[in-house]
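Asks: Pasting a structure below so you can have a look.
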Amino acid sequence: MPPPEILTPTAGPFGPPSFDTLAQLGQGGSLEAVLDTLGECLIRTLPGSAWMVLLAHPEGAGMHFHYVRQGGPLPFQRPPEEAFTLAPGLGSLAQAVLEQGPVSSGPLATDPHWCYAPDIWRHSGLQAAWAYPLRDGNNRCTGALGLLFHAPPPHGAEAQATWQHLECMARLASLGLTLHQQHTALHDSRQELAHVLSAIGEGVWDWNVHTNQVTHNLRWCAMMGLPPDYLHHPLEEFLALVHPEDLPRVELAIQSCLAGAGPYQSEHRMRHARGHYVWVRDRGNVVEHDQEGKPARLIGSIADISTEMEAEQHLRLTASVFQHAHEGIVITDPAACIIEVNDTFCAITGYAREEVLGRNTRFLRSGHQDRSFYGQMWAELLEKGVWHGEMWNRKKNGELYAQLSNISAVRNEHGKIIQFVGLFSDITALKESQRHLEHLAYHDALTQLPNRSLLADRMRMALLQAERNHTLTAVAYLDLDNFKPVNDQYTHATGDRLLVEVARRLLQTTRAGDTVARMGGDEFALIYNGLQTPDECEQVVHRLLARLAEPILLDGQALQLTASIGMTLYPLDGSDPDTLLRHADQAMYMAKQAGGNCFHMFDPERDRRLRAHREALERVDAALHDGELELHYQPKVDARSNAVIGVEALIRWRHPHLGLLRPAEFLPIALDTEFEAQLGDWALATALHDMETLLGHGYVLPVSVNITPHHLTHPDFIPSLSALLAAHPRLPAGVLELEILESTAMGDIDAVAEIIAACHRLGVSFALDDFGTGYASLTWLRRLPVQTIKIDQSFVRNMLEDSEDLAIVQGVISLAAAFRRQVIAEGVESTDHSQILTALGCHLLQGYGVARPMPLTQLRVWLQARQQSDTRSALPAPTAK
Ligand code: C2E
Ligand code: CA
Ligand code: CA
């Protein structure tokens, strides 16, 4: 029986199949269950019939098929894994697929549709087989549903109803196949999507607007530290993770996306399960709308951008530091061409950014630093990588400014310099205040003149200049005459105004290179540079004095001031600055002493002498205290009795380096000084002490000590002499004789006579030394109560050859006789001398011919020897004591 042409599904006598299963298929139920349901439904009203389903093998391409399900009584089963290639003669179902239409066959043993089917099929006694093709969603013929009859198949209307039933079941099965196919495809694509999503490493969300459910992927869970099963949750739970500060922004973005403003995008923080916040970039869009056109579903992705944000924030921070730094910042390439500057740079220099980009920083130079400065700067920068220092640059408006710079070289990983970064601050104001402070430190507040410190500086420079240029520099010290009374008479303020006026006048009379400084009070110091001759500076000073002496009008009153000026000239006075100033001050003092309103020039030669003298005096003073001074004793004898009548004490200096020094080499130093008396006192004390020592050895010897006029007339002379004598009570009276010079009494003869008288009362006698060399008059000799006159050795020494000297010696001897004074000759060197002198009536002798001056120990030996032998010399022998 041929199959009907057109089959329309109708509700036949077979009743409807259970569609529940079919519905289940749509929700993921198994295809097998659906096919079984349909097969059972197909044969429910046809007893003894069976059903089969042939389907394209999922793995076989093209014509590979297999029987997947069967039901009802069948001789055997064909397992689904047994696949075969479709061909005619392999059964009704295969034929239906090949023909893509219904097929009716029977009896099977003879039907050509079954000719190649296995025998067990053909000879199973099956009466007939009907088959209906199955189609998938793409209308491709992918299988067949077969109905097999053990009994003869229905006829007529019943056959038609059965065909309809078969067709209906086949169509339902097709629908099932389509659904299954779709479901599988959907499942596969879901799976694929899941793979893709997990592969891209971004979190994904899928928001069903109606259910308000949000679905996420695992990546999102991992990103937020959430457990892997936290994939579905209401939107609120998702929003609860958004940082409260960012939430309004996020909600607004969602709203505007829902309102149709286009894709949703937001960067915000979301709370990680561990509590910290993660910066995310969240993007999504509406992917489905409902029937009313409202958004029904949104899908989007979330990426973790924390690192990105951190970097960005860091960049922003850096940029903000760069832009808002209080320092000017300039970045240049290795050739010092500007790449970038910040606002402060522009504010300081006055240049706009665009004006400087690409330019070499050289254009800022002021010319205040020379080539070597920049040379050093670059050398240091290249060597050390940094340079730190100050420099003066020029602004756009030409103004100078001081900057404190810090330049660093930026190197790449290969060590090559790729940039220079310069940081600088404008320290002009600082410099200004520094200058102000310096001015305060180096200037007098009242007159604004340089003070002592600055003067010292200027002086050093002036001296260097004088040396270089071979010129003279004058250092002057100026002191106003009678300023104090003026100051006292008027107010202090008036005094100040006077000083300011004086300062002004001083400045007026000096040249640019000169210096006027205030030393304090009414004292000023001046430095004149570049003078050629000493005269030149005298002229300058006279001009100065004249200008100062001009009346000063103060409050309608004319005041007059004069000054005393002391001056010294370098390098004629080659002292150091301090000393130069002191010399000028000394000279000023001389000018003051000369009555003021004048100037006095310091005499370096005189000063040198004074200084040398002072030093020498200090040296002798030290010698006295260090015990380097000694007294030597020269005996005096009486030629008639040959007795030693006494010794003269003569001072010696046993100098540690120069050996034994005679008095002529050091005594003049002490002349006319306080030290002279000290030295004299020492001589007196030593002489008395030594005589006491001799007394201990059985010698009583009168000693003569030389006394200078200054010492003799010293007010302390008599008291200390009497104290000294009192300290040696064992020494008999008359043991001490003082030798004085004629000049001693030249001043006040009465006073001297009085002193001599006082000494007589202490048992001290006097000899007039070096008689004949001075200008003593006879009246004078008469009034001076000395016992002895000493003929000066110069006459004695020469009297053998010089008749005039002999006459003087004779004269002195007769004079002494006339005035009833003893006479003694010194400088007796030979027997000739002693013979003539004794012949002339002078029996007392002293000289090398008798003995040389000698130390005390030697004197003792000499005295002893003289005691033992009378024939020792041609001179008279000593008398034993
Ligand atoms: P004077 O008081 O006229 O002392 C005599 C000087 O003549 C001594 O020199 C002595 O050494 C030296 N003289 C003695 N006999 C001879 C001689 O035969 N030939 C030569 N050529 N010279 C002889 P002296 O010791 O160098 O003393 C020099 C002067 O120094 C002394 O001259 C005296 O004025 C002074 N003098 C020495 N000692 C003292 C002292 O203790 N106090 C003070 N105020 N003056 C002293
Ligand atoms: Ca003497
Ligand atoms: Ca003498």
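Here my numbering runs 360 ahead of the position in the sequence shown, where the first position is 1.
We put the beta carbon where it would ideally sit given N, CA and C, even for glycine.
All values derive from a computational prediction rather than experimental measurement.
Sorry if obvious, but does the Cβ on Gln-1153 come closer than 7 Å to a heavy atom of ligand 3?
Replies: For ligand 3, at least one heavy atom lies less than 7 Å from the Cβ of Gln-1153.
Asks: Name the DSSP beta bridge partners of Glu-883, please?
Replies: DSSP, once it has assigned bridges, lists Asp-839, Gly-880 as partnering Glu-883.
Asks: List in chain order the residues whose CB is within less than 6 Å of at least one heavy atom of ligand 2.
Replies: Cβ atoms closer than 6 Å to ligand 2 belong to Glu-1008, Asn-1066, Glu-1099, Asp-1129.
Asks: Bridge partners for Gln-1004 per DSSP, in chain order?
Replies: Rather than Gln, the amino acid found at residue 1004 in this sequence is Val. According to DSSP, which records beta bridges pairwise, Val-1004 is partnered with Val-997.
Asks: Under the three-state reduction of DSSP, which class applies to Met-412: helix, strand or coil?
Replies: Note: Met-412 maps to strand in three-state DSSP.
Asks: Quick one: does the C-beta of Gln-1038 sit closer than 7 Å to a heavy atom of ligand 1?
Replies: Checking every heavy atom of ligand 1 against the Cβ of Gln-1038, none is found closer than 7 Å.
Asks: Taking Cys-706 as part of the alpha helix (DSSP H), name the residues at either end of that continuous run.
Replies: Looking at the DSSP string, the run of the alpha helix (DSSP H) that includes Cys-706 is 703-709.
Asks: If you drop the 5 nearest sequence neighbours on each side, which residues of the same chain put their C-beta closer than 6 Å to that of Glu-606?
Replies: A quick correction: the sequence has Asp, not Glu, at residue 606. Around Asp-606: His-628, Arg-629.
Asks: Examine chain D for any beta-carbon lying closer than 8 Å to the beta-carbon of Arg-1142, and answer yes or no.
Replies: Among the protein chains of the structure shown there is no chain D, as only one such chain exists.
Asks: DSSP on Val-1221, reduced to helix/strand/coil?
Replies: Three-state DSSP puts Val-1221 in a helix.
Asks: Counting Cβ pairs closer than 8 Å, one from the region 962-973 and one from the region 1177-1187, do we hit at least three?
Replies: No, the region 962-973 is not in contact with the region 1177-1187.
Asks: By the DSSP assignment, the alpha helix (DSSP H) with Tyr-1208 in it spans what residues?
Replies: Element bounds for Tyr-1208: n/a, residue is neither H nor E.
Asks: State yes or no: is the C-beta of Met-423 within less than 8 Å of the C-beta of Leu-450?
Replies: No. Outside cutoff.
Asks: Using only CA atoms, which one of Ile-1005, Gly-1019, His-1071 lies nearest to Glu-1034?
Replies: Closest option to Glu-1034, Cα to Cα, is His-1071.
Asks: Terminal residues of the continuous beta strand (DSSP E) containing Trp-1140?
Replies: It is not in any beta strand (DSSP E) - Trp-1140 instead sits in the alpha helix (DSSP H) that spans 1138-1143.
Asks: Cβ-heavy atom distance between Lys-952 and ligand 3 below 7 Å?
Replies: Result no, Cβ not under 7 Å from ligand 3.
Asks: Taking the CB atoms as reference points, tell me whether Gly-536 and His-510 lie closer together than 8 Å.
Replies: Not in contact: Gly-536 and His-510 (Cβ atoms no closer than 8 Å).
Asks: Inspect the beta-carbon positions of Phe-884 and Gly-926 and report whether they are closer than 8 Å.
Replies: In this structure, Gly-926 does not lie closer than 8 Å to Phe-884 by Cβ.
Asks: In terms of alpha-carbon separation, which member of Ala-545, Glu-668, Leu-891, Ile-1067 lies closest to Ile-1011?
Replies: Considering only alpha carbons, the answer is Ile-1067.
Asks: Which value, in whole angstroms, describes the spacing of the CA atoms of His-686 and Thr-807?
Replies: Spanning the two alpha carbons is a distance of roughly 40 Å.
Asks: Could you spell out the range, first to last residue, of the beta strand (DSSP E) harbouring Lys-1150?
Replies: It spans 1148-1151 - the beta strand (DSSP E) in which Lys-1150 sits, taken as one unbroken run.
Asks: State the DSSP-derived secondary structure class of Asn-847, mapped to helix, strand or coil.
Replies: Asn-847: helix per DSSP, three-state reduction.
Asks: Tell me which residue opens and which closes the alpha helix (DSSP H) that Val-457 is part of.
Replies: Counting along the chain, the alpha helix (DSSP H) containing Val-457 begins and ends at 452-459.
Asks: Starting from Asn-829 and walking both ways along the alpha helix (DSSP H), at which residues does that stretch end?
Replies: Per DSSP, Asn-829 belongs to the alpha helix (DSSP H) from 812-829.
Asks: Residues bridged to Asn-766 by DSSP?
Replies: For Asn-766, which the question treats as bridged, DSSP gives the partners His-748, Leu-783.
Asks: By Cβ distance below 8 Å, which residues in the same chain neighbour Arg-719 in space, the five residues on each side in sequence not counted?
Replies: So the list reads Cys-697, Ile-698, once near-sequence residues are dropped.
Asks: Any heavy atom of ligand 1 closer than 7 Å to the CB of Pro-937?
Replies: It does not: the Cβ of Pro-937 is nowhere closer than 7 Å to a heavy atom of ligand 1.
Asks: Any heavy atom of ligand 1 within a distance shorter than 7 Å of the CB on Pro-1145?
Replies: Every heavy atom of ligand 1 is 7 Å or more from the Cβ of Pro-1145, so no.
Asks: Given Phe-1131, which residues of its chain have a CB within under 8 Å of its CB, disregarding the five upstream and five downstream residues?
Replies: Glu-1102, Ile-1149, Lys-1150, Ile-1151, Asp-1152, Val-1172, listed in sequence order.
Asks: Let me confirm a value: Ile-887 is counted as buried when at least 16 other C-beta atoms fall within 10 Å, else exposed. Which label applies?
Replies: Per the 10 Å Cβ criterion, buried.
Asks: With burial defined as no fewer than 16 other Cβ atoms inside 10 Å of the residue's Cβ, what is the status of Val-1221: buried or exposed?
Replies: Classification for Val-1221: exposed.
Asks: Are the Cβ atoms of Ser-785 and Asp-841 separated by less than 8 Å?
Replies: No, the Cβ-Cβ distance between Ser-785 and Asp-841 is not below 8 Å.
Asks: Quick one: does the C-beta of Lys-996 sit closer than 7 Å to a heavy atom of ligand 3?
Replies: False, no ligand heavy atom lies under 7 Å from that Cβ.
Asks: Quick check on the DSSP output: the beta strand (DSSP E) that includes Ile-925 runs from which residue to which?
Replies: Here the beta strand (DSSP E) through Ile-925 covers 922-930.
Asks: Say the cut is 7 Å; is the CB of Lys-1150 nearer than that to a heavy atom of ligand 3?
Replies: Yes; taking the cut-off as 7 Å, the Cβ of Lys-1150 has a heavy atom of ligand 3 nearer than that.
Asks: Relative to ligand 3, is the shortest distance from any of its heavy atoms to the C-beta of Glu-1186 smaller than 7 Å?
Replies: Within the cutoff, so yes.
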